[in-house]
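Colleague: Just so you know, the sequences run in chain order C and R.
Per the working numbering: the first sequence = residues 312 to 960.
Per the working numbering: the second sequence = residues 312 to 960.
Protein chains: 2
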Amino acid sequence: MESKSSIYISLKKTELIVLVCMICLSSLPNISCQTQNTGMANVISERKAEEDHRQDSADLLIFIMLLTLTILTIWLFKHRRFRFLHETGLAMIYGLLVGVILRFGVHGQRDLNNVTLSCAMTASPATILVNVSGQFYEYTLKGEVRDTDGQDVPDAEMLKKVTFDPEIFFNILLPPIIFHAGYSLKRRHFFRNLGSILSYAFVGTAISCIVIGLLLYGCVAFLKAVGQIQGDFFFTDCLFFGAIISATDPVTVLAIFNELKVDVDLYALLFGESVLNDAVAIVLSSSIIAYQPAGDNNHTFDGSAFLKSIGVFLVVFSGSFALGVITGVMTSLVTKFTKLHEFPLLETGLFFLMSWSTFLLAEACGFTGVVAVLFCGMTQAHYTYNNLSDESKDRTKQLFELLNFLAENFIFSYMGLTLFSFQYHVFNPLFILGAFLAVFLGRAANIYPLSFLLNLGRKNKIGSNFQHVMMFSGLRGAMAFALAIRDTTTYARRMTFSSTLLIVFFTVWVCGGGTTQLLSFMHIRVGVDSDQDNPITEVDGIERRGVRHEGAWPFRMWHSFDHKYLKPFLTHSGPPLTTTLPACCGPLARCLTTSQAYQSGGGWHDEDSELIGSDGLGNPMYTDLSISAVTRSSSSTSNHLYGPTVPSG
Amino acid sequence: MESKSSIYISLKKTELIVLVCMICLSSLPNISCQTQNTGMANVISERKAEEDHRQDSADLLIFIMLLTLTILTIWLFKHRRFRFLHETGLAMIYGLLVGVILRFGVHGQRDLNNVTLSCAMTASPATILVNVSGQFYEYTLKGEVRDTDGQDVPDAEMLKKVTFDPEIFFNILLPPIIFHAGYSLKRRHFFRNLGSILSYAFVGTAISCIVIGLLLYGCVAFLKAVGQIQGDFFFTDCLFFGAIISATDPVTVLAIFNELKVDVDLYALLFGESVLNDAVAIVLSSSIIAYQPAGDNNHTFDGSAFLKSIGVFLVVFSGSFALGVITGVMTSLVTKFTKLHEFPLLETGLFFLMSWSTFLLAEACGFTGVVAVLFCGMTQAHYTYNNLSDESKDRTKQLFELLNFLAENFIFSYMGLTLFSFQYHVFNPLFILGAFLAVFLGRAANIYPLSFLLNLGRKNKIGSNFQHVMMFSGLRGAMAFALAIRDTTTYARRMTFSSTLLIVFFTVWVCGGGTTQLLSFMHIRVGVDSDQDNPITEVDGIERRGVRHEGAWPFRMWHSFDHKYLKPFLTHSGPPLTTTLPACCGPLARCLTTSQAYQSGGGWHDEDSELIGSDGLGNPMYTDLSISAVTRSSSSTSNHLYGPTVPSG
């Protein structure tokens, strides 16, 4: 939301000349409205725009080629069943290589033909009008140019050109990833472990954020005492670091879990936690930014500002949640009451547009689009999905799968690239060491105490081997990176960004690569081929126990309400409302019940289970509670959080 | 390619204050680096960036809502079999309504808090550095601000904000539309009428461009004499108008054709012509822009500049063609020699990225991305499609179908919006009348003489009723609009844009809406249900005659070369190269032939026909020539240019 003036330069326009003129400017202080090469300026700027467009295309082409290369290598790895390096790790390596080449290999000649005016003013408004002999040209603010570092980096122009506006990550690349996470969530396993997942995601992330923040604050205090830190690094910066680094990434580990068919409960815990804690981390970090003590440079504790931060957290989170759910519900109502499923293309289009509008709506209201999109995805999967035609079910799944795949690999290869192309890195070895330690301890403080507490209440205990796996599977990925790169204007944020980058690299390569070994070392049952019919009875057994136990009365009430009223109201499945609503609501119920619901009214359990059986996305939560006998066959196909068509996980 | 400084403002950044300051500036001439409200500027510009982001999201939301509404209404129309208004026409109407509301209904209060500096200089470079008490801020050129018109329009800020950078049309919205056209082209019918299609597309478009240009030049001369024209309008402007308005749009008419199952040859002629003449028009218009006589304001004929324009046309067209084909061929080689089809997601990802890279590559080389993408799509459909897994075939088709659908409806609703939101319209009734007449005569000069000449050589004559339908089905759509909006800086271009807009409206609503009536009036055979087996023999008969006749020796040679060498080299289908290459190339042939090709080697005809039968996209051209007996069953499903999953056509 805060699009602060950042030193990052977008790929769109004409900017490669800043360094040159920075050098000029440093030798010519306080030039007022001076012009070099007056006459040629217009022609040059036009030719330059054309030249830049070509250059931009070429830059984007680098990324496309990188992704293509990644895809081919992934194929090779998958083909050879080589599991030590996931596609995301690979994308980072390729990005890294290109970064090294751009940084040290290519020496672009400096374009000294460019004309730069400098204009001394006393403010930096968003727009400037320049009067050139009677004609007005509009200029917009691009950001502040700092000449603190920068100059020692060779070929800065070249590097700048492969750098995107960080808001692109938030507005274009993250939404499909997060939507896909919500949409592909296997809700049966998710809801079965809902209590634990919510504890890890909310309480755990808060614990992790605070522990990391405190540890880092100690580390920073020590470094300041030793004289290793050159800039400001406040406690809020430490907490901010704690918030962004607490967002775990499901991609790598879960792809391997999926391939190895690891225990479904472990899978559900890790996936559910990492999906939800992305949302928590993003709102937490924006709340920390909103924490501004009354005194301007007063970085002591301020009670009212703290309360305001908590208020921001609650408002933003619940607002985003509500918006996501509302658009999801609207989509399901529209798809239910129109016969749109006769035209799958229109249906898919509507589904896509409504999901996208969630994001825009949330951003327009000042909430967080990414969080709204997550809950929209979950609502769409729970309700709307049941109303879609078979073709649209496939289409929507495949579309978001592809978008997710492309966006994810783009972010990871971009991460690799930034290690060398980002020009304002602050690598402080002691701080990085401290950060690694803090992240490790923060994760431990999240998993172990919470698991202990949760086990007090769970019948289906989370074993210590599960806890160790969860501890080490807390990889950091796209979300941590996107949050860190969003604002790199201050010394503290740059240090945060550089450290985050290294932590992402380490966890993806080392923790991600070691997952297979860890699983066998921890004696985690792999090859739980839940697609076979054999272990179903057992799984089902655990499941029903789990549901009965974990599903305390609020969850049971919600399930019953959802099954009796919401599902029949929003979808074609479930019992007809005419049978569940009290008699006085008869006319309304008849009005809201479609003929499909009547048709399936006799055997409405079958309708549900058929949906589960067909693809595993459409299964209602807690179906098993009431229809455990019927779902025996259906649960067999729904034990993976991803459908069978997702090789990457 | 030319991203000229345009008065259009992109949606991205902060710009709603220009008008306010224009008024200020007009009263304060030659302010040098003067500042209003100095101290607050930084805070305001930051708050404003946030505010703008929200506003941008809200603006985009308007379009998404418009598209959603369009989809729902389309469904209603389709559901009720109401054929007078196509979805594109509907999208325009909704856009128009929103435009009217924005223009006359909403009166946004003017934000007088904004700070704008003005800075008098003597040139307008691409970047300005502003020195604010020691800190440097970078500003980039947004475009020239003209205060000629503008001020008489109320709420100009509001209207400006729903206006996009026109390059968005070229770089984001057109490529998927054009790629889809190439990818969904049913090549059998296309190649059967290739000679005629090429004549209409190349010769016909050139004729139409010149006729329209000449007629308009006469019209302009008359208007100048009468004193109805206030600005310059050169002959090149007339020709430019002729070029952009010669691009016909297949969408509306062909959707109706598809629904009514109109004669396949008529369908192929119209579709092929409108696909190719988009490419011709785009290159033609850029050649006309490149025509710059030696003298600066000398608008007389200049032979060398004319030759240069022709050179530009040839180089750009052939370069774009070559790039498109090359990336298509590369994709098919990659998909052939890897086992990527084991992982459909990777395959689809690769396909998408390679197709996109065509566009970027062409733009980076200075060719036309849109044209390259067209030929890439055709190559992908002809070769790569055969190598894809069944799942990827579906996925790629559905993905591009959806992108096409969304982009198309977006452009059409945007068109409706611009009629009221665009602020620099120049509506000249006489000129518009002349333009309508010129377009009508230009189309006639394209269709009738060429059809006469073609009929001299065709055995399967193009009947006069076909000619009349082709004459009236020359709707103008997305391409004409995108070319017209690209540059609206001069008086002539604004007049061109406004007239184009009206012509698009008229043809889409009137000609598009009257298609059904026209077909019955012209006694065109509808309901040719080529999906049934009954009329196949006849269709096949016509076809073979057509092919034999139209396929003169260069086409026959090409077919034989393609079938014997290219297809086996690039795909798994066709006869193994070991049987077609001379014996001396044995090792090479063995190396290039995959096991699939050997497997299908015995019955390679079947492989081909199976591909045709499965979906109709993968059919090789001229398959019928050699294997007419086998395709009897397969051709039954491939007589529509679109697959069966495309309700919108």
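Just so it is clear, CB atoms sit at the ideal spot from N, CA and C, and this is done for glycine as well.
1) If I'm right that residue 546/R touches residue 528/R with Cβ under 8 Å, what's the distance once you round it to whole angstroms?
2) Residues of chain C with CB under 8 Å from residue 708/R, in chain order?
3) According to a CB-to-CB cut-off of less than 9 Å, which residues of the segment 669 to 683 of chain C neighbour chain R?
4) If you follow the alpha helix (DSSP H) that residue 658/R is part of, which residue opens it and which one closes it?
5) When you compare the CB of residue 597/C with every CB in chain R, is at least one pair closer than 8 Å?
6) When the Cα of residue 376/R is compared with those of 664/C, 578/C, 486/C, which residue comes out closest?
7) In whole angstroms, what is the alpha-carbon distance linking residue 756/C and residue 598/C?
8) Who does residue 365/C pair with in a DSSP beta bridge?
9) What residues from the segment 386 to 397 of chain C come within 9 Å of chain R, judged by C-beta to C-beta, listed N to C?
10) Hey, how far is the Cα of residue 276/R from the Cα of residue 614/R?
11) From residue 487/R to residue 393/C, what does the alpha carbon distance come to, in whole angstroms?
12) Can you give the beta carbon distance from residue 827/C to residue 571/C, rounded, assuming they're within the 8 Å contact cut?
13) Pull the bridge partners of residue 787/R from the DSSP assignment, please.
14) Which whole-angstrom value describes the C-beta separation of residue 490/R and residue 643/R, a residue pair presumed to lie in contact below a C-beta threshold of 8 Å?
15) Less than 8 Å between the C-beta atoms of residue 687/C and residue 638/C, yes or no?
16) Do you know offhand how far residue 844/C's Cα is from residue 716/C's?
17) Do residue 498/R and residue 693/R have their CB atoms nearer than 8 Å?
18) For residue 369/C, return the contacting residues in chain R, with the cut-off set at a CB-CB distance below 7 Å.
19) Quick one, which residues of the segment 692 to 718 of chain R are near chain C if we go by CB-CB under 8 Å, in chain order?
20) Kindly indicate the opening and closing residues of the alpha helix (DSSP H) around residue 594/R.
21) Three Cβ pairs or more, each shorter than 8 Å: is that satisfied between the segment 738 to 750 of chain C and the segment 813 to 826 of chain C?
22) Taking all protein chains shown into account, decide if residue 577/R is buried (16 or more other Cβ within 10 angstroms of its Cβ) or exposed.
23) Which residues, taken in chain order from the segment 804 to 836 of chain R, show a beta carbon closer than 9 Å to some beta carbon of chain C?
24) In this structure, how does DSSP classify residue 898/C when only helix, strand and coil are distinguished?
25) Going by C-alpha distance, which of 558/C, 603/C, 391/C, 590/C is nearest residue 683/C?
26) For residue 856/C, which residues of its own chain have a beta-carbon under 7 Å away from its beta-carbon, when the five flanking residues on both sides are left out?
27) For a contact meaning CB atoms closer than 7 Å, what does residue 372/R contact in chain C?
28) In angstroms with no decimal places, state the Cα-to-Cα distance between residue 740/R and residue 521/R.
29) Taking residue 727/R and residue 407/R to be in contact with their CB atoms under 8 Å, please state how far apart those CB atoms are, rounded to whole angstroms.
30) Where does the unbroken alpha helix (DSSP H) through residue 414/R begin, and where does it stop?
31) What does the alpha-carbon distance come out to for the pair residue 929/C and residue 696/C?
32) So, using beta-carbon positions, are residue 797/R and residue 481/R closer together than 8 Å?
33) Might you give, ordered along the chain, the residues of its own chain that have their beta carbon closer than 7 Å to the beta carbon of residue 783/C, omitting 5 neighbours on each side?
34) Taking Cβ-Cβ distances below 8 Å as the criterion, which residues of the segment 650 to 663 of chain C are in contact with chain R?
35) Measuring straight from C-alpha to C-alpha, what distance separates residue 381/C and residue 720/C?
36) Report yes if the CB atom of residue 722/R is closer than 8 Å to the CB atom of residue 810/R, and no otherwise.
Modeller: Let's see:
1) Start at 1 with the first residue of the second sequence, and residue 546/R comes out as number 235. Start at 1 with the first residue of the second sequence, and residue 528/R comes out as number 217. Indeed they touch by this definition, with Cβ atoms about 5 Å apart.
2) As a first step, residue 708/R is located in the second sequence; it is residue number 397 there, counting from the start. Residues of chain C whose Cβ lies closer than 8 Å to the Cβ of residue 708/R do not exist; the shortest such Cβ separation is about 10 Å.
3) Taking 9 Å as the Cβ-Cβ cut-off, the segment 669 to 683 of chain C approaches chain R at 670, 671, 672, 673, 674, 675, 676, 677, 680, given in chain order.
4) Reading the second sequence from its first residue, position 347 is the one you call residue 658/R. Where residue 658/R is concerned, the enclosing alpha helix (DSSP H) starts and stops at 655 to 676.
5) Position 286 of the first sequence, counted from the first residue, corresponds to residue 597/C. Nearest CB-CB separation between residue 597/C and chain R: not below the 8 Å threshold.
6) The count along the second sequence starts at 1 and reaches residue 376/R at position 65. For residue 376/R, the nearest C-alpha among the options comes from 664/C.
7) Taking the first residue of the first sequence as 1, we reach residue 756/C at position 445. Taking the first residue of the first sequence as 1, we reach residue 598/C at position 287. Using only the alpha carbons, I get a separation of about 22 Å.
8) Residue 365/C sits at position 54 when you count from the first residue of the first sequence. Under DSSP, residue 365/C shares a beta bridge with no residue.
9) Those would be 386, 387, 389, 390, in chain order.
10) Coverage of chain R is limited to positions 312 through 960, which leaves residue 276/R absent and any answer about it impossible.
11) Counted from its first residue, the second sequence places residue 487/R at position 176. Counted from its first residue, the first sequence places residue 393/C at position 82. C-alpha separation (whole angstroms): 35 Å.
12) Indexing the first sequence from 1 puts residue 827/C at position 516. Indexing the first sequence from 1 puts residue 571/C at position 260. About 7 Å separates the two Cβ atoms, so the contact holds.
13) On the second sequence, position 476 is the one that residue 787/R refers to. In the DSSP secondary-structure assignment, residue 787/R is bridged to 559/R.
14) Residue 490/R sits at position 179 when you count from the first residue of the second sequence. Residue 643/R sits at position 332 when you count from the first residue of the second sequence. Not quite, the Cβ-Cβ distance comes to about 16 Å (not below 8 Å), so this is no contact.
15) By 1-based counting over the first sequence, the position of residue 687/C is 376. By 1-based counting over the first sequence, the position of residue 638/C is 327. In this structure, residue 687/C places its C-beta atom within 8 Å of the C-beta atom of residue 638/C.
16) What you label residue 844/C is simply residue 533 of the first sequence in a count that begins at 1. What you label residue 716/C is simply residue 405 of the first sequence in a count that begins at 1. With a pLDDT of 34 at residue 844/C, under the threshold of 50, the predicted position of this residue should be treated as unreliable, though the coordinate-derived value follows. Cα-Cα distance, rounded: 31 Å.
17) The residue given as residue 498/R occupies position 187 in the second sequence. The residue given as residue 693/R occupies position 382 in the second sequence. Note that the C-beta distance between residue 498/R and residue 693/R is below 8 Å.
18) Against the first sequence, residue 369/C aligns to sequence position 58. Per Cβ cutoff of 7 Å: 675.
19) Hits within the stretch, in order: 702, 705, 706, 709, 710, 712, 713, 716, 717.
20) The residue given as residue 594/R occupies position 283 in the second sequence. Segment 575 to 601, the alpha helix (DSSP H) holding residue 594/R.
21) Three or more pairs of CB atoms, one per stretch, sit closer than 8 Å, so the segment 738 to 750 of chain C contacts the segment 813 to 826 of chain C.
22) Counting from 1 along the second sequence, the entry for residue 577/R is found at position 266. Classified as buried, residue 577/R has 16 or more neighbouring CB atoms from the shown chains inside 10 Å of its CB.
23) From the segment 804 to 836 of chain R, no residue has a Cβ closer than 9 Å to chain C.
24) Here residue 898/C is taken as the residue at index 587 of the first sequence, counted from 1. Collapsing the DSSP output to three states places residue 898/C in a helix.
25) By 1-based counting over the first sequence, the position of residue 683/C is 372. Among 558/C, 603/C, 391/C, 590/C, the Cα nearest to that of residue 683/C is on 590/C.
26) Counting from 1 along the first sequence, the entry for residue 856/C is found at position 545. Note that residue 856/C scores 41 on pLDDT, short of 50, meaning its location in the model is unreliable; the coordinates nonetheless yield the value given after this. Excluding positions up to five away in sequence, the list reads 770, 771.
27) In the second sequence, the residue the question calls residue 372/R occupies position 61. The answer, in chain order, is 668, 671, 672, 675.
28) Position 429 of the second sequence, counted from the start, is the residue given in the question as residue 740/R. Position 210 of the second sequence, counted from the start, is the residue given in the question as residue 521/R. Answer to the nearest angstrom: the Cα atoms are 22 Å apart.
29) By one-based count along the second sequence, residue 727/R stands at place 416. By one-based count along the second sequence, residue 407/R stands at place 96. Confirmed, about 4 Å.
30) Here residue 414/R is taken as the residue at index 103 of the second sequence, counted from 1. Segment: none, residue 414/R is in no alpha helix (DSSP H) and carries neither H nor E.
31) In the first sequence, the residue the question calls residue 929/C occupies position 618. In the first sequence, the residue the question calls residue 696/C occupies position 385. Only weak support exists for where residue 929/C lies, its pLDDT of 34 falling under 50; the coordinates are left without a value.
32) In the second sequence, counting from the first residue as 1, residue 797/R sits at position 486. In the second sequence, counting from the first residue as 1, residue 481/R sits at position 170. In this structure, residue 797/R sits near residue 481/R, with a CB-CB distance shorter than 8 Å.
33) In the first sequence, counting from the first residue as 1, residue 783/C sits at position 472. Excluding sequence neighbours, residue 783/C sits near 822, 829.
34) Under the 8 Å Cβ criterion, the segment 650 to 663 of chain C contributes 650, 651, 653, 654, 655, 656, 657, 659, 660, 661, 663.
35) Taking the first sequence and counting its residues from 1, one reaches residue 381/C at position 70. Taking the first sequence and counting its residues from 1, one reaches residue 720/C at position 409. About 8 Å.
36) Position 411 of the second sequence, counting from 1, holds the residue named residue 722/R. Position 499 of the second sequence, counting from 1, holds the residue named residue 810/R. Taking 8 Å as the cut-off, the Cβ atoms of residue 722/R and residue 810/R do not count as close.
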